[in-house]
Every structure is written in structure tokens, then in C-alpha cells.
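Remarks on the structure that follows.
There are 2 protein chains.
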Amino acid sequence: MSAAASTVLSSCKVVLAGSIAKKLQTEVADGLKRLSRKPHLVGFLANKDPAAKMYADWTGKTCTENGFDFSLREVDREDLEDAIRTANKETSVDGILVYYPVFNSSRDRTVQFMVDFNKDIEGLSPHLINNMYQNIRFLDPPHNTQKSILPCTPLAMVKILEYLQIYNTILAYGQRLFGRRITVINRSEVVGRPLAALLANDGAEVYSVDVTGVQQFTRGKGLRKQQHEVHDRPDMKMEDALALSDVVISGVPGDKFKVPSALVRDGAVCINFSSEKNFNPDIKEKASIYVPAVGKVTIMILLRNLLRLVQNHPENVAKAGADDS
Amino acid sequence: MSAAASTVLSSCKVVLAGSIAKKLQTEVADGLKRLSRKPHLVGFLANKDPAAKMYADWTGKTCTENGFDFSLREVDREDLEDAIRTANKETSVDGILVYYPVFNSSRDRTVQFMVDFNKDIEGLSPHLINNMYQNIRFLDPPHNTQKSILPCTPLAMVKILEYLQIYNTILAYGQRLFGRRITVINRSEVVGRPLAALLANDGAEVYSVDVTGVQQFTRGKGLRKQQHEVHDRPDMKMEDALALSDVVISGVPGDKFKVPSALVRDGAVCINFSSEKNFNPDIKEKASIYVPAVGKVTIMILLRNLLRLVQNHPENVAKAGADDS
């Protein structure tokens, strides 16, 4: 390899999800110490997909390793809704996690809506998702002591962007992405669209890209709006969004789609959340920072959300100093 | 004032130089504690300008308040060069500061070049300025123990951009502006041009603007170059540079020039280093951060440069722990 080529590689910093997850893990461990009991997560497996079973086992292992109780309930998919209703009422259950896809249709969305929002660690139930879209950050306004739960992968992305110093802590909370332009490729209901909304609510100008075209999510000039608005941008293609963007986040499923490296701005921050790699290896010749995967951060966010749900009930939090005894 | 208007104002964070200077002041005080003696700065006043006298008095006061010795030597301007040669040789003189303008012509540049670089706290003598342009960061390569001295106002700007988290500490040292686009309005030999070079050497794409047009300072795609290169951009006007820039730094003397707020990007960081305000008040409706003046940071950089010059001589640094006795 020539000296020039090695210089090229060294200008891109590759950041692994494991490094980012560590800080969250410490935060979760500290929170856990202050609780009077172990939180209990129940996972529902209602399909025969070996990948879902593997993910369930990984969740269980991560829970146990981090001091949470975990039970897996395997049920027939036609019994799933009843099983969730039961768990919603059980006081011994703090959090509910369903392994999707179950029906692999819009019925999965109905299942998500059935989880009591007080036990919804994925942040996808109607009350929580509405709070997110409307930029309402607490469950108990106007007291604002109980933070609302945000969807896992979008919140994981926020934590990644905080770690990467894309959030500017000099700015006021809720405005720390002001001045940033971010392209999000994927506009699914569970990740891409909530993510675009969340980043725009924090002040970014977001270009949300999918096969149907480009939409712009923004709080407007000088962040005049309290929450984001969405505008169709029929005048823009993905390449126009990329040319403008400091940050490119991509999560297109499958191995067919690749972000064309040549269209990415020199020095952009690139993050992949697809299980396949959405960026080609030569992205390292363009990007200032590249995050190839985010799964390890997402799972720590699951635990952090569970912790937060438990903390929202003051009777679960030990009195100050109790953890020192 | 309507609620909407108050929202507008709150989205711009105004950062005063005093807040930024505080951190530097602490750093300087800590360094001073480790010295075996007080550093001595000599100021040369060779004009009859009351403004220069006021600045000299302010320098003296700041030196004294921060634990430095200061002497003012008032000389006839025709005797100035001899007086500098004398001070260059005096072991009791650690730093030399000349209050410009003296001749108000290119002869002032000759005077600057006469200051021994070991005593040049302004960082404008040939050896130091050449190091800066060539991105050579130490005085003693390959040992690299003695940092080169950078010109005051450009270095003050770096410290301001670090404080504002425009430098991303996730990235490797020397590349922390990679991905940033910065417009610098002013291309003087003492501030604007060295500043553009310094920021480009740290990885930024810099648009240097003056009445003659736009030049681009850059280390190229993926920071392939070790130091910046300069390209004329006859295809660009100031408005094109502003439309691309995350950061706008302006230092045009006099009160005639104003950066047109309408051309500044929404959410840009705006910094004024002119003694007059180069930005109109309505910049706060556009910018995410606005720094209206930088003088208090620049003077702390003067002291920091002086400290560094003294620290470059190991005999001046007390042995570890000596400051605790």
C-alpha cells in the first residue's frame, strides 16, 4: 500500500457500536443500583423464525448479564394478543418486548398498539409515538418528571450522534442539531420516519429518502416551530439530499441498495443501521466518521427504556443512599 | 413582543468572549504555577495613537492581574528596530509585543520580522508563520516537544471554535474540522490569511473572501494533502461561500461592511472579530451561535503564547511537585 493510500484511510474514523454502548451500559448499571428490585422483561416469541429465536436468546443473555430478569413466553400467534393483555395486567412484569415479524402484515402494527405504554420498552405504542412526533418529552406535563419513552433504534441513533459530537451541547437542550443537515434513507414506520421526526425536533434539517422520493422534516428558519413539519420535495432526488448533508444515515433492508460513495459529501458522518451494509468500503475515502452497525447500542437502549419505565414509578426507587448500605 | 418572536430569539445562543477566555485563564494560571519565575513581557509603543496607548495599558493591566511582569518601553519609531534588537538579547525579557500600526506601511511587516521568534508572542515572525502555513506544529522536529507559536487572533479563533464544539474531538488531532465549511471574510496577512490556512490545515474547507474575490483553502478530498492548498475561485462570490458554510467568521475593519444576514445559512455559527460589528442584529434570527467579539480571548492567547515560550526552556520549569511546597 502506498503512503498516499494509508493517509486516505487514516482520515476516516471508524466507530464501533460496542464503544458507544459502553457508556450507556454504565448509565444503566448506575440506575439499576438505585432500584429496590430487579426489573423484569417478558419477551413474546410467536413465530417459528430461527433468526427471531436467536435474537430472543441474545436479548435474554444481555438482560441477565446486565442485572435484569428475563422470561421468554412462546405462544401461538393467534394467542399473542391475549397473552399481551395478560402481561399488561401482571404487576411482576415491567416491560414487554414482542419479536417481529409475527403476521408480517399490518396486523403487526395492531399488536404493537396493544402493549400498555407503561410497559412498552420499544416506544411504539400510540401514546408514546404520538408524544415523539409532537415533540412532547414527558408523560406527565406540566410536572415533567417522567420522561416519555422513545422508539429504540431512533433513540439509539440520537445516542450515537451525541457520542459522535454531532449534537452540540453548547446549544440549548432540544436544539442541539440546529444547523445540521441529515439524510435518512428509509422511511419505515418503526425506524426511518420516527427517526427523521426526532432529529428534526432536535433542530436538524432532515431529508427523508425512500423509493417514493424525498421529504423534508424541519422546524423552519430559526427553529420557529415547536415541532417539525413535513414537506414533500418533488424537486429533490437522493443525490441532492446527499450533496447537502453533514450526516448520512441509511437502513435499507437487503443487500441490493448501496449509498453511492461518490455522492456523499467529503467529511460527512455515515451511519448504517441495516443488517446488511448500505455503504461500500470506499466510503472511508470520503467520510470523516463511519459507524458500520448499531445493534449493540439499540439493545442497551431497550434496557435503558425498561429502566426508565420502572423509574417512572417512585415506589421502585430506593431512597437516596440506600445503595451505599 | 409576541411569543413567536421570543421563540426566534431563544434559538440563537450568544456566546461572549469572556466566558471562553475563562477556561484559557485557568490553563494559563496552572502553567504559571509550574514555572520557577515570573515571565516578563515588554511592550513597545512607538506611535502617538491614544488607542494604542489604551491597548498598551490594557495589556499591562491584564499581565499584572494574571501574574506576569510587564514593562512598557516608549520609543521614537525610528529607534524601534534597535530597541527590539536589544530586547531580543536581554535574558530578562521573555516576550516582545509591538503595538501596531507604527509606520502604517509595509515597513510594519519588516518590524514584525525583526522580533526573535523565541520571544515572539504574536507568532508573526518568519520562522513561526512559515511553520503555520506548512502545518509544522513543533519547533524541534523530530523530537516534537516544543510547540510552535501560532498567531494570536487566528489561534484565539481556534480556541473559540473548540469551545463552541465545532472542532470534533472524536476525530484525530489535526483533522477535527474535517467536514466543516467555513467562510472567513478578511484576508489580511496578520489575521485573515493565516486563519484560513490554520483552519484548512485542521481539515476544514475554507472560503477566504475579500474585495478581490474568493479563494478556497483545502487539504483536498479525504484530507489527502498534509497541508492546505489555495485555489482561486473566480466562479464564486461571497454569497456562494455563505450558502455553503456552517461557520462564518468576519473581520472587516470599519463600520461600512455588514454580512448580509439573508445570505447566511440557517443554523450557521457566526463570529465577528472586527472592532466594529460586521453582523447586523437580525443575525440572531438565523444563526445557531453568535460570538459578537473576540478581544478577551485574544489577550489570553497572548499570555498563553508567552507562557509557552517560557516553557520551551526547560530550565524555567520547576521540578514536578515543587509548586506544592
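First to last, the protein sequences are chains A and B.
Using the working numbering, you'd call the opening residue of the first sequence number 227 and step up by one each time.
Using the working numbering, you'd call the opening residue of the second sequence number 227 and step up by one each time.
Note that the Cβ used here is the ideal one computed from N, Cα and C, for glycine as well.
The beta-carbon separation of residue 448(B) and residue 511(A), rounded to 5 Å, stays under the 8 Å limit for a contact.
Taken through DSSP and simplified to helix, strand or coil, residue 441(B) comes out as strand.
Residues 351 and 352 of the same chain have their beta carbon placed closer than 7 Å to that of residue 339(A), with the five preceding and five following residues left out of the count. Taking all protein chains shown into account, residue 237(A) has 16 or more neighbouring C-beta atoms within 10 Å of its C-beta and is therefore buried. Excluding residues up to 5 positions away in sequence, 266, 267, 268 and 269 lie with their Cβ nearer than 8 Å to the Cβ of residue 297(A) in the same chain.
With its beta carbon less than 9 Å from one in chain A, residue 495(B) belongs to the interface.
Using a CB distance cut-off of 9 Å, residue 395(B) counts as an interface residue toward chain A. In terms of Cα proximity to residue 499(B), the closest of 379(B), 487(B) and 253(B) is 379(B). When the Cα atoms are used, residue 273(A) and residue 418(A) turn out to be separated by approximately 24 Å.
For the pair residue 254(A) and residue 495(B), the Cα-to-Cα distance works out to about 35 Å.
At a cut-off of 9 Å between beta-carbon atoms, residue 398(A) makes contact with chain B.
Judged by their CB atoms, residue 261(A) and residue 533(A) are nearer to each other than the 9 Å cut-off. Separation of residue 472(B) and residue 493(B) (C-alpha to C-alpha, rounded to the nearest whole angstrom) is 8 Å. Here the C-alpha atom of residue 444(A) lies approximately 11 Å from the C-alpha atom of residue 458(A). When DSSP assignments are scanned along the region 313-346 of chain A, the uninterrupted stretches of beta strand (DSSP E) that are 3 or more residues long and fall wholly within it turn out to be 321-324.
Residue 241(A) sits close to residue 390(A), with the two beta carbons spaced by under 9 Å.
The beta-carbon of residue 378(B) is placed no less than 9 Å from the nearest beta-carbon of chain A.
For residue 411(A), not one C-beta of chain B is nearer than 9 Å to its own C-beta. Straight through space, the alpha carbons of residue 434(B) and residue 428(B) are spaced by roughly 15 Å.
Judged by DSSP secondary structure, residue 256(A) falls within the alpha helix (DSSP H) whose first and last residues are 243-259. Considered as a whole, the region 259-293 of chain A harbours 266-271 as its complete beta strand (DSSP E) runs of no fewer than 3 residues, in chain order. At a cut-off of 9 Å between beta carbons, residue 431(B) contacts chain A. Taking C-alpha positions only, residue 322(A) is separated from residue 470(A) by approximately 40 Å. Of 503(B), 464(B) and 491(B), the smallest CA-CA separation from residue 480(B) is found for 503(B). The Cβ-Cβ distance between residue 386(A) and residue 474(A) does not fall below 9 Å. The Cβ of residue 476(A) sits no closer than 9 Å to any Cβ of chain B. Per DSSP, the unbroken alpha helix (DSSP H) holding residue 378(A) starts and ends at 378-389. The beta carbons of residue 438(B) and residue 406(B) sit no closer together than 9 Å. The closest CA to that of residue 451(B), considering only 256(B), 430(B) and 522(B), is found on 430(B). Put simply, of 361(A), 388(A) and 482(A) the residue whose alpha carbon is nearest the alpha carbon of residue 376(A) is 361(A).
Boundaries of the alpha helix (DSSP H) around residue 465(B): 464-470.
Assignment of beta-bridge partners to residue 433(B) by DSSP yields 409(B) and 442(B). By the criterion of a C-beta distance shorter than 6 Å, residue 436(B) is surrounded in its chain by 413, once the five residues flanking it on both sides are discounted.
Distance from the Cα of residue 488(B) is smallest, within the candidate group 482(B), 501(B), 464(B) and 477(B), for 464(B).
Ranked by how close their Cα comes to the Cα of residue 383(B), the residues 425(B), 287(B), 278(B) and 394(B) have 425(B) in first place.
Per DSSP, residue 365(A) lies in no beta strand (DSSP E) segment and is marked neither H nor E.
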